[in-house]
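**Q** Input: one structure, supplied below.
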Amino acid sequence: MRLSPLTQAVALMTATLLLTACGDDADTTIAIIDGTPPLLTTDSNFASGYSAVAAIFVSGRVQDSGGIKSVTYTLNGKTSQPLNIDTNGYFNDRILLDLGENSIALAATDNAGNIMRSTKNIYLGDTVAAGGSHTAALHEGQLYGWGRNNYGQTGTTYTSTFTDNMRHPELPMLMDSAPKNLLSIKFNQNHSLAIDDKGQVYSWGNDTYGQLGRGQSNRHPCVKAADCRLDIGAIAGIDNAVMLAAGYNHNLVLTKDGSVWAFGANAQGQLGNNTAIDSSIPVKVDFSAAEGVSHIVQVVASSSSSYALDDNGQVWGWGSDASANLGRGQTCNEANHCLNITNKPLRINVIAKDLADHTTQGVEKEIVTQLAAGKDHVLALTNKESVYGWGLNASSQIGYNGIDFRDTANAWTSTITVPSKLPWFTGKDVRRVYANGNASYVLLNNVASNISNSPASDGILYAWGMFGETDGRGKTSYENLDEPTNKLTSLKNIDNMAMGTMHLIAHEKPLNQNNGIPFKNGNLFTWGWSFEGSLGNENTSHTWMYNYPIPVKSPSQL
13 MRLSPLTQAV ALMTATLLLT ACGDDADTTI AIIDGTPPLL TTDSNFASGY
63 SAVAAIFVSG RVQDSGGIKS VTYTLNGKTS QPLNIDTNGY FNDRILLDLG
113 ENSIALAATD NAGNIMRSTK NIYLGDTVAA GGSHTAALHE GQLYGWGRNN
163 YGQTGTTYTS TFTDNMRHPE LPMLMDSAPK NLLSIKFNQN HSLAIDDKGQ
213 VYSWGNDTYG QLGRGQSNRH PCVKAADCRL DIGAIAGIDN AVMLAAGYNH
263 NLVLTKDGSV WAFGANAQGQ LGNNTAIDSS IPVKVDFSAA EGVSHIVQVV
313 ASSSSSYALD DNGQVWGWGS DASANLGRGQ TCNEANHCLN ITNKPLRINV
363 IAKDLADHTT QGVEKEIVTQ LAAGKDHVLA LTNKESVYGW GLNASSQIGY
413 NGIDFRDTAN AWTSTITVPS KLPWFTGKDV RRVYANGNAS YVLLNNVASN
463 ISNSPASDGI LYAWGMFGET DGRGKTSYEN LDEPTNKLTS LKNIDNMAMG
513 TMHLIAHEKP LNQNNGIPFK NGNLFTWGWS FEGSLGNENT SHTWMYNYPI
563 PVKSPSQL
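In my numbering, the protein residues as written are 13 to 570.
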């Protein structure tokens, strides 16, 4: 745990001297009033920014020579709640977040009534999204989309192709039919999801497998007969949604109470409802056999697998295990006499050896605090800022199986069958992990500069796995990076991004951002495979790989 002092109030000491004289004798009484607030420190998880998890895991310590009365937190101005502290002042807890903007104030009070406060601002949700080749950003609750639109997945309410010059959204385009109060969006492949400020979920685009969750009727013809929905419509049966997870042909929704709902393809049990039958309406994931499961705070989805993180840092998985997606020590295929249908959540033991269950003398248990999933690989970030990976590694998306290692004695295998700690992040300030397709990214803070006496930089992205580049002749090659590499040297101060299967979009923190507010109006950048306008710039070629970030005109510039 990296402990860093929070802003500490200037110490105030007031001494009162009372003199009482009687004749030649004098009695002197000195009363010292404690005016010094306690010292409050937290680990680096308590920081402003975007969150992929519906809770913040906060650990730290409060110290005061006169003793501590309490440590509390206040979420969005609601009634303050206590955090449990041990006899040495250590605390380790989680705080559930609301969808959208959150203000969390920690307050440590000593026995003399002095208070030390620290406030962070955290946004739960995604204001940028990338799918197969379509992309979007939210601006003041409104949806702006661009890119491939053969299923109407950008939200135009009609289909279009690259040759439809007058109708095709190559630049960010306001989707008038979308609600005006959206807080989070999530795309994958050729379908799209959104949540509004009431927790209502909306969907549009490809619906071949029922992945839009809106039943069987009233579909529109797109690529094939009645296989899409061109209208941005509400999904019935889900209330108070706080998080979306878009798989390739199935989706998950997390609600405020920790329930998980799923819809779409289910041939490998990826809906987690104890069947292998597709569902075009939401079904509840069945955690009844998941012994010890706690409140779910994150859901992620891959091609045919699903994952959940609970507020005890436990990881659960279900669906396909064909690439050791569930981390059980082998691939699930015919050769291993394994039926590849896992239709209820199973515990994935990410961290082999646990420490004490609770904070003891400042030693806290290492737990997973965030997940990310690609096509068939998984990354897990812990409160110790370690990253674990498992699953498919054919493109070095977990590591050391790319251009410099493949077919050598030091190469990692093409499938990592159990969660393994990745070797590159010791001492690094890892803020987020991302994955999609056959690629992985981390977002780092406090990255040292190569220039002498230059300050460290925040918001730096490192990529590994499949990474393509197009040369001046238009030929694209894929390097399959063996380890995290800063290939995007022009990008700094990134606070969130979204990964499509072959292209990406990132949000740059505004220069005038004050302690995490506002979470909007920053610059947008795209890179990766440009196809049917996926990068949102009229000057990008139709089928080139761009791996220098391209500025996207923000909605305020249109």
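For glycine and all other residues, C-beta sits at the position ideal for the given N, C-alpha and C.
Runs of 4 residues minimum, wholly inside the segment 415–473: which ones carry the alpha helix (DSSP H) assignment?
**A** Complete alpha helix (DSSP H) runs here, min 4: none at all.
**Q** Around the Cβ of Ile45, are there at least 16 other Cβ atoms within 10 angstroms (buried) or fewer (exposed)?
**A** Position 33 of the sequence shown, counting from 1, holds the residue named residue 45. Exposed, since its Cβ has fewer than 16 Cβ neighbours within 10 Å.
**Q** Give a yes or no on contact between the segment 383–391 and the segment 456–468, applying the rule of three or more CB pairs nearer than 8 angstroms.
**A** As far as the Cβ criterion goes, the segment 383–391 does not touch the segment 456–468, which means the pair count is below three.
**Q** Going by DSSP in three states, Asn508 sits in which element: helix, strand or coil?
**A** Here residue 508 is taken as the residue at index 496 of the sequence shown, counted from 1. Correct three-state label for Asn508: strand.
**Q** Assuming Asn348 and Ala334 make a contact with CB atoms under 8 angstroms, what is their CB distance in whole Å?
**A** Here the question's residue 348 lines up with position 336 in the sequence shown. Here the question's residue 334 lines up with position 322 in the sequence shown. Not confirmed; about 10 angstroms, so no contact.
**Q** In chain order, what residues of the same chain have a beta carbon less than 7 angstroms from the beta carbon of Thr425, not counting five sequence neighbours either side?
**A** Along the sequence shown, read from residue 1 onward, the residue named residue 425 stands at position 413. Result list for Thr425: Asn405, in chain order.
**Q** Tell me where the beta strand (DSSP E) around Asp322 begins and ends.
**A** Against the sequence shown, residue 322 aligns to sequence position 310. 317–322 is the span of the beta strand (DSSP E), which, as asked, contains Asp322.
**Q** Determine the extent of the beta strand (DSSP E) in which Lys396 is found, giving its start and end residues.
**A** Here residue 396 refers to the residue found at position 384 when the sequence shown is read from its first residue. Run containing Lys396: none; DSSP gives neither H nor E here.
**Q** Just checking, does the segment 179–198 make contact with the segment 226–241 on the three C-beta pairs under 8 angstroms criterion?
**A** Segments in contact, no.
**Q** Can you give me the Cβ contacts of Phe103 inside the same chain, cut-off strictly under 8 angstroms, excluding the 5 residues immediately before and after it?
**A** Position 91 of the sequence shown, counting from 1, holds the residue named residue 103. These residues qualify, in order along the chain: Val70, Ser71, Gly72, Arg73, Val74, Val83, Leu95, Asn96, Ile97, Thr371.
**Q** In terms of residue numbering, what span does the beta strand (DSSP E) encompassing Ile353 cover?
**A** Position 341 of the sequence shown, counted from the start, is the residue given in the question as residue 353. Careful: Ile353 lies outside any beta strand (DSSP E) and carries neither H nor E.
**Q** When you compare only the Cα positions, how much space is there between Asn261 and Phe275?
**A** Taking the first residue of the sequence shown as 1, we reach residue 261 at position 249. Taking the first residue of the sequence shown as 1, we reach residue 275 at position 263. If I take the Cα positions, the gap works out to 9 angstroms.
**Q** Can you list, in chain order, the residues of its chain with a C-beta nearer than 6 angstroms to that of Pro294? Leave out the 5 residues immediately preceding and following it.
**A** Taking the sequence shown and counting its residues from 1, one reaches residue 294 at position 282. The residues are Gly225, Gly249, Ile250, Trp273, Phe275.
**Q** Kindly confirm or deny that the segment 186–202 and the segment 143–162 touch, where touching means at least three C-beta pairs closer than 8 angstroms.
**A** Touching, yes, given that three or more Cβ pairs across the two stretches are closer than 8 angstroms.
**Q** For Gly106 and Ser502, I'd like the C-alpha separation in whole angstroms.
**A** In the sequence shown, the residue the question calls residue 106 occupies position 94. In the sequence shown, the residue the question calls residue 502 occupies position 490. The sequence given here places Arg at residue 106; Gly does not occur at that position. Those two C-alpha atoms are separated by around 35 angstroms.
**Q** Using the rule of at least 16 other Cβ atoms within 10 Å of the residue's Cβ for burial, across every protein chain shown, is Met13 buried or exposed?
**A** Position 1 of the sequence shown, counted from the start, is the residue given in the question as residue 13. No answer about Met13 holds up, because its pLDDT of 44 lies below 50 and its placement is not dependable.
**Q** Provide the residue span of the beta strand (DSSP E) that contains Ser71, from first to last.
**A** The sequence position of residue 71 within the sequence shown is 59, counting from 1. Here the beta strand (DSSP E) through Ser71 covers 67–75.
**Q** Under 8 angstroms, do Asn533 and Glu520 count as touching if we go by C-beta distance?
**A** Sequence index remark: in the sequence shown, residue 533 carries index 521 (1-based). Sequence index remark: in the sequence shown, residue 520 carries index 508 (1-based). Going by C-beta atoms, Asn533 is not nearer than 8 angstroms to Glu520.
**Q** Applying the 10 Å Cβ sphere with the 16-neighbour rule, what's the burial state of Ser300?
**A** Position 288 of the sequence shown, counting from 1, holds the residue named residue 300. Looking at its Cβ environment, which holds fewer than 16 other Cβ atoms inside 10 Å, Ser300 is exposed.
**Q** Using alpha carbons as the reference points, say which of Thr166, Asn123, Ile506 lies closest to Asp470.
**A** The residue given as residue 470 occupies position 458 in the sequence shown. Comparing Cα positions, the closest option is Ile506.
**Q** Of the residues Asp138, Leu383, Gly79, which one's Cα is nearest the Cα of Ala124?
**A** Position 112 of the sequence shown holds residue 124. With distances taken between Cα atoms, Ala124 lies closest to Gly79.
**Q** Pick out the complete beta strand (DSSP E) segments inside the segment 110–194, 3 residues or longer, and give them in chain order.
**A** Whole beta strand (DSSP E) segments, 3+ residues: 112–122, 127–136, 140–142, 146–151, 154–159.
**Q** Please go through the same chain and pick out, in chain order, the residues whose beta-carbon is closer than 6 angstroms to the beta-carbon of Val564, but skip the five residues on each side of it.
**A** For the purposes of this step, residue 564 is identified with residue 552 of the sequence shown, where counting begins at 1. Excluding residues within five positions, the ones whose Cβ falls inside 6 angstroms are Leu536, Thr538, Gly548.
**Q** Can you grab the Cα-Cα spacing for the pair Tyr490 / Phe479, in whole Å?
**A** One-based indexing of the sequence shown puts residue 490 at position 478. One-based indexing of the sequence shown puts residue 479 at position 467. For Tyr490 and Phe479, the distance between alpha carbons rounds to 5 angstroms.
**Q** In terms of alpha-carbon separation, which member of Leu383, Arg418, Ser315 lies closest to Tyr453?
**A** For the purposes of this step, residue 453 is taken as the residue at position 441 of the sequence shown. Comparing Cα positions, the closest option is Leu383.
**Q** Starting from Thr381, trace the beta strand (DSSP E) in both directions and tell me its first and last residue.
**A** The residue you call residue 381 lines up with position 369 of the sequence shown. Per DSSP, Thr381 belongs to the beta strand (DSSP E) from 380–385.
**Q** For Ser152, count neighbouring C-beta atoms within 10 Å of its own C-beta (all shown protein chains included) and say buried if the count is 16 or more, exposed if not.
**A** Looking up residue 152 in the sequence shown gives position 140. It should be pointed out that residue 152 corresponds to Glu in this sequence rather than to Ser. By the neighbour-count rule (16 or more Cβ atoms within 10 Å), Glu152 is not buried but exposed.
**Q** Inspect the beta-carbon positions of Leu516 and Gly545 and report whether they are closer than 8 angstroms.
**A** Along the sequence shown, one-based indexing puts residue 516 at 504. Along the sequence shown, one-based indexing puts residue 545 at 533. No. Outside cutoff.
**Q** Using 8 angstroms as the threshold, is the C-beta distance between Leu321 and Gly329 below it?
**A** In the sequence shown, counting from the first residue as 1, residue 321 sits at position 309. In the sequence shown, counting from the first residue as 1, residue 329 sits at position 317. Cβ atoms of Leu321 and Gly329: not closer than 8 angstroms.
**Q** Using alpha carbons as the reference points, say which of Gly217, Leu195, Asn218, Leu473 lies closest to Asp208.
**A** If you number the sequence shown from 1, residue 208 lands on position 196. The shortest Cα separation from Asp208 among Gly217, Leu195, Asn218, Leu473 belongs to Leu195.
**Q** Can you tell me which of the three DSSP states Ala253 falls into?
**A** To locate residue 253, count along the sequence shown from 1; it is residue 241. Ala253: strand per DSSP, three-state reduction.
**Q** For Ser130, which option in Ala119, Gly137, Tyr221 has the closest C-alpha, if you only look at C-alpha atoms?
**A** For the purposes of this step, residue 130 is taken as the residue at position 118 of the sequence shown. Of the listed residues, the one whose Cα sits closest to Ser130 is Ala119.
**Q** Which residue's Cα is closest to the Cα of Asp269: Gln282, Thr53, Ala148, Val254?
**A** For the purposes of this step, residue 269 is taken as residue 257 along the sequence shown, with counting starting at 1. Of Gln282, Thr53, Ala148, Val254, the residue nearest in Cα terms is Val254.
**Q** Give me, in chain order, the residues of the same chain whose beta-carbon lies closer than 7 angstroms to that of Asp369; leave out the 5 immediate sequence neighbours on both sides.
**A** Within the sequence shown, residue 369 is the residue found at index 357, counting from 1. Confidence at Asp369 is low in this model, with a pLDDT of 46, below 50, so its placement is unreliable and the value that follows should be read with caution. Cβ neighbours of Asp369 beyond the five flanking positions: Lys377.
**Q** Nearest to Gln342 by alpha carbon, out of Gln409, Pro431, Asp55?
**A** Here residue 342 is taken as the residue at index 330 of the sequence shown, counted from 1. For Gln342, the nearest C-alpha among the options comes from Pro431.
**Q** What does the alpha-carbon distance come out to for the pair Lys504 and Ala258?
**A** Along the sequence shown, one-based indexing puts residue 504 at 492. Along the sequence shown, one-based indexing puts residue 258 at 246. Taking the straight line joining both Cα atoms gives about 27 angstroms.
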